[in-house]
Amino acid sequence: MGSGEYSYEWRLEEPHHHLICRQCGAEFSLDPTYLESMAKRVLKDHGFRAEMDHFAIFGVCQDCQRTASSE
Ligand SMILES: [Zn+2]
Ligand SMILES: [Zn+2]
Numbered sequence: 374m375g376s377g378e379y380s381y382e383w384r385l386e387e388p389h390h391h392l393i394c395r396q397c398g399a400e401f402s403l404d405p406t407y408l409e410s411m412a413k414r415v416l417k418d419h420g421f422r423a424e425m426d427h428f429a430i431f432g433v434c435q436d437c438q439r440t441a442s443s444e
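Structure (structure tokens):
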């Protein structure tokens with residue numbers, strides 16, 4: 374783990390997202406532009422203005438994938 378910067382909640386006026394590993398609990402920050410493009414598609418296809426300012430996405434991190442495949 375690097376600095377503890379991401380373990381504290383940032384103020385909500387700054388959009389940010391989290392990638393959280395289900396296996397080891399590692400947390401990474403995700404550039405908000407990833408979700409912006411999704412919000413644009415949602416608005417276009419559904420006319421719904423999604424508020425993509427704070428998201429947590431769960432999955433498996435690179436290290437855990439490597440551990441699983443090298444068994
Ligand atoms: Zn957060
Ligand atoms: Zn992991």
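For the sequence shown, position 34 matches number 407 in the working numbering, and the numbering has no gaps at all. Note that CB positions come from ideal geometry on N, CA and C, so glycine has one too. Just so we're clear, the structure is a prediction, and the values are computed from it rather than from any experiment.
Any residues whose CB sits closer than 5 Å to a heavy atom of ligand 2? List them in chain order?
After applying the 5 Å Cβ criterion, the set is C394, Q396, C397, A399, C434, C437.
Along the chain, where does the alpha helix (DSSP H) containing C437 start, and where does it finish?
Start and end: 435-442.
Report the residue from H389, Q438, L408 whose alpha carbon sits nearest the alpha carbon of S402.
For the residues H389, Q438, L408, the minimum Cα distance to S402 belongs to H389.
Report back the beta-carbon spacing between G420 and L392 to the nearest angstrom; my notes put them in contact at under 8 Å.
That belief does not hold up - the Cβ atoms of G420 and L392 are roughly 29 Å apart, past 8 Å.
Run the CB neighbour count on L408, radius 10 Å, all protein chains shown included, and call it buried at 16 or more, exposed below.
Buried.
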